[in-house]
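Participant: Residue numbers for the sequence shown follow the UniProt record's numbering, so the first one is 1 and each next one is one higher. We treat Cβ as the ideally placed atom computed from N, Cα and C, and that holds for glycine. No experiment lies behind these values; they were computed from the predicted model shown.
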Amino acid sequence: MVTASVQPGDSLDIARTLARSDQMHERILELLGKEGFHGAPRSQVATGMCFVAMEHAQGLRSLIALALANSAVGLMRIQFEALMRAAWLLYAAPEATIVKLLSPLTLDSEKAAKNLPGVNEMLEGLRKSIGGPGEGIPASAYEMLAHFKDVTWSAMNSFVHGGIHPLRRFEEGFPLPLALQILRNSNGLVTMTGMLLAVLTGNSLIASAMSRIQPDFSDCLPDLQDRESEG
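Dropping the structure here:
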């Protein structure tokens with residue numbers, strides 16, 4: 001229910017931000033173009049997981065457009081986890097995990113891959129990769145992922161696991177400003193996913209162009225100074 005705490009212009013802001021969000025998504029795909037991605041197994045699984053995260057973002061926007069904001073928050077959680085998984089696969093996952101995830105889907109391969117690490121363990125693996133031998137995650141990218149988790153995790157868990165947040169939002173109405181914040185936060189994850197995909201092309205020109213997404217679409221992205229939780 002996206003119904004309560006409505007201020008003049010809120011509905012229009014949602015519509016505008018949804019439109020800009022779709023434009024940003026298309027711009028990211030346009031920048032990637034027909035550029036191939038690095039064919040190494042590690043890059044292959046990371047690329048696939050990036051596109052899973054992008055799909056979740058599209059789903060979230062569809063739910064916001066349908067005024068199903070409680071469900072949209074649940075999708076933001078799995079969008080974040082897909083992005084986190086992609087980064088971990090590229091920068092920190094052991095080779096054995098890469099092999100497991102490249103296997104065709106069977107009962108045996110499902111069982112073999114079921115014990116993947118959770119978010120906290122992946123974050124720790126990414127932290128350890130910073131400044132290490134080889135190509136670890138950039139410190140700024142790690143900090144953005146860690147900060148996102150810090151400020152959203154408790155509320156997202158409540159929405160995913162049937163806690164007080166979705167119940168109160170259903171009973172009292174879902175404030176449009178909060179729905180707008182969720183949409184912006186999801187878009188922030190999309191920009192990080194776009195940068196990771198740019199890295200995976202191995203083309204520095206694409207990576208440079210992708211870095212312009214944030215300033216060019218700042219009107220549909222979270223305020224970089226905002227340190228408050230979505231809850």
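Among the candidates 123, 82, 39, whose CA atom is the shortest distance from the CA of residue 136?
Facilitator: To locate residue 136, count along the sequence shown from 1; it is residue 136. Minimum Cα distance to residue 136 is reached at 123.
Participant: Terminal residues of the continuous alpha helix (DSSP H) containing residue 139?
Facilitator: In the sequence shown, the residue the question calls residue 139 occupies position 139. 139 to 160 is the span of the alpha helix (DSSP H), which, as asked, contains residue 139.
Participant: Secondary structure at residue 38, three-state DSSP: helix, strand or coil?
Facilitator: Counting from 1 along the sequence shown, the entry for residue 38 is found at position 38. Coil.
Participant: With a CB to CB cut of under 7 Å and the five nearest residues on each side skipped, what residues in its chain are close to residue 160?
Facilitator: The residue given as residue 160 occupies position 160 in the sequence shown. Correct list, in chain order: 74, 77.
Participant: According to DSSP, is residue 51 part of a helix, a strand, or is it coil?
Facilitator: The residue you call residue 51 lines up with position 51 of the sequence shown. Looking at residue 51 - three-state DSSP - the assignment turns out to be helix.
Participant: What are the boundary residues of the alpha helix (DSSP H) that residue 163 is part of?
Facilitator: In the sequence shown, the residue the question calls residue 163 occupies position 163. Where residue 163 is concerned, there is no enclosing alpha helix (DSSP H), because DSSP gives it neither an H nor an E.
Participant: Under a Cβ-count criterion, where at least 16 other Cβ atoms within 10 Å of its own Cβ denotes burial, should residue 106 be classed as buried or exposed?
Facilitator: As a first step, residue 106 must be located in the sequence shown, where it is residue number 106. Exposed, because fewer than 16 other Cβ atoms sit within 10 Å of the Cβ of residue 106.
Participant: Using 8 Å as the threshold, is the C-beta distance between residue 222 and residue 184 below it?
Facilitator: In the sequence shown, the residue the question calls residue 222 occupies position 222. In the sequence shown, the residue the question calls residue 184 occupies position 184. Result yes, Cβ atoms of residue 222 and residue 184 sit closer than 8 Å.
Participant: Tell me which same chain residues have a C-beta within less than 8 Å of the C-beta of residue 189, skipping the five on either side of it?
Facilitator: Along the sequence shown, read from residue 1 onward, the residue named residue 189 stands at position 189. Closer than 8 Å at Cβ, skipping near neighbours: 53, 57, 76, 79, 80, 83, 148.
Participant: Which residues mark the beginning and the end of the alpha helix (DSSP H) in which residue 216 is found?
Facilitator: In the sequence shown, residue 216 corresponds to position 216, counting from 1. Residues 213 to 216.
Participant: For residue 65, which residues from the same chain have a beta carbon less than 7 Å from its beta carbon, with the 5 sequence-adjacent residues on both sides left out?
Facilitator: As a position in the sequence shown, residue 65 is number 65, starting the count at 1. 18.
Participant: To the nearest whole angstrom, what separates the beta carbons of residue 167 and residue 14, a pair I think is in contact under 8 Å?
Facilitator: As a working mapping, residue 167 is identified with position 167 in the sequence shown. As a working mapping, residue 14 is identified with position 14 in the sequence shown. Not quite, the Cβ-Cβ distance comes to about 23 Å (not below 8 Å), so this is no contact.
Participant: Classify residue 26 as helix, strand or coil using the three-state DSSP reduction.
Facilitator: Counted from its first residue, the sequence shown places residue 26 at position 26. Three-state DSSP puts residue 26 in a helix.
Participant: Count the other CB atoms within 10 Å of the CB of residue 199; is the residue buried (16 or more) or exposed (fewer)?
Facilitator: Numbered from its first residue, the sequence shown carries residue 199 at position 199. Under this definition residue 199 is a buried residue.
Participant: Under the three-state reduction of DSSP, which class applies to residue 43: helix, strand or coil?
Facilitator: Along the sequence shown, read from residue 1 onward, the residue named residue 43 stands at position 43. Secondary structure of residue 43 (DSSP, three-state): helix.
Participant: So what's residue 114 in DSSP terms, helix, strand or just coil?
Facilitator: The residue labelled residue 114 in the question sits at position 114 within the sequence shown. Note: residue 114 maps to coil in three-state DSSP.
Participant: How would you call residue 212, buried or exposed, if buried means at least 16 neighbouring beta carbons within 10 angstroms?
Facilitator: The residue labelled residue 212 in the question sits at position 212 within the sequence shown. Exposed, since its Cβ has fewer than 16 Cβ neighbours within 10 Å.
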